[in-house]
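In what follows, a single structure is set out as structure tokens and then discussed.
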Amino acid sequence: MSATMLAESPATYSPPAQFRLSGSGLLRSEWTKFWSLRSSWIVMICAALFGAGIAVAVAFDFTIPPPEASEGANAPAAPVDPLTALNVFFGFQLASVFIAVLGALFITGEYSTGSIRSTMSAAPRRTGVLWAKTAVFGSIVLAVYSVLILATFYATQAILSDTEYGGLALSDPGVFRILSGQVVMMVYLGLLGLAVGAILRNSAGSISFYVGAILVLPMLMVELPWEWVGDIAPYTPGNVPNTLAMLDTTGATLSVGESWAWMGAWLVVSFGLAAVLLKRRDV
Amino acid sequence: MDRIACGRSVVDMIEIEHLTKRYGRKTAVDDLTFTVKPGVVTGFLGPNGAGKSTTMRTIVGLDAPTAGTVRVNGKRYAQFRSPMTEVGALLEAKSVHAGRSAYKHLLALAHTHSVPKRRVREVIDTVGLSDVAGKRVGGFSLGMGQRLGIAVALLGDPAVLILDEPVNGLDPDGVRWIRELLKSLAAEGRTVFLSSHLMSELSQTADHLVVIGQGKLLADTTVDEFVNGRGDGKVRVVSPDAAALAERLQGPGITIASPKSGVLEIQGTEAAVVGTTAAAHGLVLHELSTQRASLEDVFMEITADAVEYQQTKEGVAA
Ligand SMILES: Nc1ncnc2c1ncn2[C@@H]1O[C@H](COP(=O)(O)OP(=O)(O)O)[C@@H](O)[C@H]1O
Ligand SMILES: [Mg+2]
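Each protein sequence line maps, in turn, to chains A and B.
Residue numbering for the first sequence follows numbering that gives the first Met the number 0, beginning at 0 and increasing consecutively.
Residue numbering for the second sequence follows numbering that gives the first Met the number 0, beginning at 0 and increasing consecutively.
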């Protein structure tokens, strides 16, 4: 009798105890996910080529004074602002679009392919995944663009060395602020793209929203006939970091400090919304 | 709920209580209650659209119940500190990024729980994907994708395995392989819960059956009871003395039909009784057989209402 009972009662199984879900595990997971996609490499390289490539190409022709300066060509030459050389960095604005799109795709790609189901089954509280993605993507953009912008600075200065735009040092007033401002702007816009992706979950929708509502709309706002619309334009998510990389911040609506505060505010709002929606919606 | 010293429940690893899930006005799962026990393979059977996939998604917390509760080993899935070792799931919908290799997909998931690379290689070997582990998943066949999904489910060596239509796209060898795999996993004391819309797929693997239709529970029994409980064992007799035999067999609870002359179909008795009766009265028999309803028949019968209801509804809507 007892033998029968033993045979019929199933063996009890205890799963391995050494495997544990952790924050550091989620970070490693997202790191692996980011670099294991060919698209990440392609977009990162395109962004670098546009940013640094344009800067270097422009540096070779920078001996021609920029348009604003050439107006007074006949007048006795005004002393050049040594920071003018940093105008070569405008290509990084284009690079920022690539980075923001990459940020959005880092999340929307999971929804379009369905891998989000594996991801969220492994981490059912969900928000940890969002924070891990944010930390991994933000760190990658921060590291890559710190190196890239510094390298671009030295490369363009080497090209400009025997012109009146050469000879800038990192310690010269404004130089470090502007260069670090470029990096921070890149990280901020990348994270904004990621938050948009997390909210909208759809690749085409997120990219359209980013380009339309965050990049283009603020530019249109200043053209509209209502003054108040133009007045709020500097506070829109895509515009708040602008002061950071301005050569001359005296005319800017936002001070550097206010610029930081507004970037923080927009990130808190967008990621807060993303986190709440992530918790509430079905995957 | 029965518990043993180490705190793991011996009975009812998956407990679904009054589960309802609506998408807008569509009710996918309707007040469903059942449990799934460890140590056996439990089949989850129902026609397409019955709500099997939806139920399975709520178990791993991907979809939140509209009402009711879903618990695994007494807890909500999201409460586990190591969800991957509690439940491994193969879902019906694609759950892999097509641009990533099978190895990297598994590795990324393994990292979340600090599962070592050794274990990743192990599951790749188990499902037979070693040769293509480095290739992008986008180029995989349906069967290879299915094997990768099974590798994901096995990765954390979990106590509960949930597999939604696992044999989809597998070749006959693959089907046999997964049947053996699931049986051996259950024999280790794990809970194995697999769905199918085909009875034939489950009849060879499952010990227990949960049958649903239109999101509602239709049956929750063992495979044997499911067939026998329907009581459709018929005794078929071919005899030149059919009329005489029918007269002798008359009795309470016995129905006798004669589809054509010389043939009897008798319900409510057994072949032995019929044979003995015939011999006692010297009646000649040309054929005597018991006809069991096949699992497929029983399934069709039990789900017919659910399917018909759906079809009329759609007919009206169209
Ligand atoms: N995300 C969803 N949104 C809307 N309807 C859904 C969703 N998921 C499932 N359904 C509907 O719920 C019903 C049950 O679906 P499902 O669980 O996939 O059934 P099964 O897996 O048994 O075939 C179907 O009618 C299906 O159309
Ligand atoms: Mg299904």
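Backbone N, C-alpha and C fix where the C-beta goes; we use that ideal spot for every residue, glycine too.
Residue burial classification, residue i (beta-carbon count within 10 angstroms, cutoff 16)
{"i": "residue 94(A)", "result": "buried"}
{"i": "residue 230(A)", "result": "exposed"}
{"i": "residue 72(B)", "result": "buried"}
{"i": "residue 156(A)", "result": "buried"}
{"i": "residue 219(A)", "result": "exposed"}
{"i": "residue 161(B)", "result": "buried"}
{"i": "residue 165(B)", "result": "buried"}
{"i": "residue 227(A)", "result": "exposed"}
{"i": "residue 172(B)", "result": "exposed"}
{"i": "residue 153(A)", "result": "exposed"}
{"i": "residue 275(A)", "result": "exposed"}
{"i": "residue 238(B)", "result": "buried"}
{"i": "residue 179(B)", "result": "exposed"}
{"i": "residue 116(B)", "result": "exposed"}
{"i": "residue 261(A)", "result": "buried"}
{"i": "residue 62(B)", "result": "buried"}
Spatial distance of residue i from residue j (CA atoms)
{"i": "residue 150(B)", "j": "residue 125(B)", "result": "8 Å"}
{"i": "residue 243(A)", "j": "residue 177(A)", "result": "6 Å"}
{"i": "residue 111(B)", "j": "residue 299(B)", "result": "43 Å"}
{"i": "residue 83(A)", "j": "residue 47(A)", "result": "22 Å"}
{"i": "residue 100(B)", "j": "residue 122(A)", "result": "21 Å"}
{"i": "residue 66(B)", "j": "residue 56(B)", "result": "14 Å"}
{"i": "residue 130(B)", "j": "residue 120(B)", "result": "11 Å"}
{"i": "residue 107(A)", "j": "residue 280(A)", "result": "15 Å"}
{"i": "residue 210(A)", "j": "residue 186(A)", "result": "17 Å"}
{"i": "residue 146(B)", "j": "residue 140(B)", "result": "10 Å"}
{"i": "residue 204(B)", "j": "residue 297(B)", "result": "17 Å"}
{"i": "residue 68(B)", "j": "residue 183(B)", "result": "30 Å"}
{"i": "residue 127(A)", "j": "residue 118(B)", "result": "24 Å"}
{"i": "residue 134(B)", "j": "residue 29(B)", "result": "42 Å"}
{"i": "residue 84(B)", "j": "residue 24(A)", "result": "15 Å"}
{"i": "residue 213(A)", "j": "residue 165(A)", "result": "35 Å"}
{"i": "residue 251(B)", "j": "residue 200(B)", "result": "38 Å"}
{"i": "residue 22(A)", "j": "residue 86(A)", "result": "41 Å"}
{"i": "residue 222(A)", "j": "residue 232(A)", "result": "10 Å"}
{"i": "residue 277(A)", "j": "residue 22(B)", "result": "17 Å"}
{"i": "residue 43(B)", "j": "residue 222(B)", "result": "11 Å"}
{"i": "residue 285(B)", "j": "residue 235(B)", "result": "11 Å"}
Bounding residues of the alpha helix (DSSP H) (the contiguous stretch that carries residue i)
{"i": "residue 57(A)", "result": "53–59"}
{"i": "residue 219(A)", "result": "216–220"}
{"i": "residue 134(B)", "result": "Premise fails: residue 134(B) is in no alpha helix (DSSP H) and is neither H nor E."}
{"i": "residue 172(B)", "result": "171–186"}
{"i": "residue 188(A)", "result": "174–199"}
{"i": "residue 270(A)", "result": "255–279"}
{"i": "residue 163(B)", "result": "Careful: residue 163(B) lies outside any alpha helix (DSSP H), inside the beta strand (DSSP E) at 159–163."}
{"i": "residue 133(A)", "result": "126–158"}
{"i": "residue 67(B)", "result": "No alpha helix (DSSP H) contains residue 67(B), which is instead part of the beta strand (DSSP E) from 66–71."}
{"i": "residue 43(B)", "result": "Element bounds for residue 43(B): not the alpha helix (DSSP H) but the beta strand (DSSP E), 40–44."}
{"i": "residue 145(B)", "result": "141–153"}
Minimum Cβ-Cβ distance from residue i to chain E less than 8 Å
{"i": "residue 171(B)", "result": "You won't find chain E in this structure, because its protein chains are A and B."}
Own chain residues within Cβ distance below 7 Å of residue i, not counting five before or after
{"i": "residue 30(A)", "result": "135"}
{"i": "residue 219(B)", "result": "33, 209"}
{"i": "residue 13(B)", "result": "34, 35, 58, 71, 159, 190, 192"}
{"i": "residue 240(B)", "result": "282, 283"}
{"i": "residue 143(B)", "result": "128, 131"}
6 Å Cβ shell around residue i - same chain, five flanking residues per side excluded
{"i": "residue 196(A)", "result": "103, 106, 107, 205"}
{"i": "residue 47(B)", "result": "196"}
{"i": "residue 90(B)", "result": "163"}
{"i": "residue 12(A)", "result": "none"}
{"i": "residue 117(A)", "result": "none"}
{"i": "residue 262(B)", "result": "237"}
Own chain residues within Cβ distance below 8 Å of residue i, not counting five before or after
{"i": "residue 123(B)", "result": "101, 102, 105, 129, 132, 150"}
{"i": "residue 248(A)", "result": "242, 254, 255"}
First and last residue of the uninterrupted beta strand (DSSP E) at residue i
{"i": "residue 26(B)", "result": "25–35"}
{"i": "residue 260(B)", "result": "Run containing residue 260(B): none; DSSP gives neither H nor E here."}
{"i": "residue 20(B)", "result": "13–22"}
{"i": "residue 211(B)", "result": "207–212"}
Residue i beta carbon near ligand 3 (any heavy atom closer than 7 Å)
{"i": "residue 302(B)", "result": "As far as ligands go, the structure on display features ligand 1 and ligand 2 and does not contain ligand 3."}
Relative to chain A, which residues along the region 84–99 of chain B have a C-beta separation below 7 Å, given in chain order?
Using a CB distance below 7 Å, the part of the region 84–99 of chain B facing chain A consists of 84, 85, 88, 90, 92, 93, 94, 95, 96, 97, 98, 99, ordered along the chain.
Chain B contacts made by the region 121–137 of chain A, where a contact means CB separation under 7 Å
Here the close residues are 121, 122, 123, 124.
Taking a cut of 7 Å between CB atoms, which residues from the region 9–40 of chain A lie near chain B?
Cβ contacts with chain B come from 9, 10, 11, 12, 13, 14, 15, 18, 19, 20, 21, 24, 25, 27, 28, 31, 32, 35, 36, 37, 38.
Under 8 Å (Cβ pairs) to chain A, residues found in the region 144–159 of chain B
Those would be 151, 155, 156, 157, 158, in chain order.
Along the region 89–109 of chain A, what residues have a CB closer than 8 Å to any CB found in chain B?
So the close ones are 108, 109.
Residues in the region 71–82 of chain B with C-beta within 9 Å of chain A's C-beta atoms, listed in sequence order?
Those residues of the region 71–82 of chain B that come within reach of chain A (Cβ to Cβ, closer than 9 Å) are 75, 76, 77, 78, 79, 80, 81, 82.
Relative to chain A, which residues along the region 43–72 of chain B have a C-beta separation below 7 Å, given in chain order?
Residues 59, 60, 61, 62, 63.
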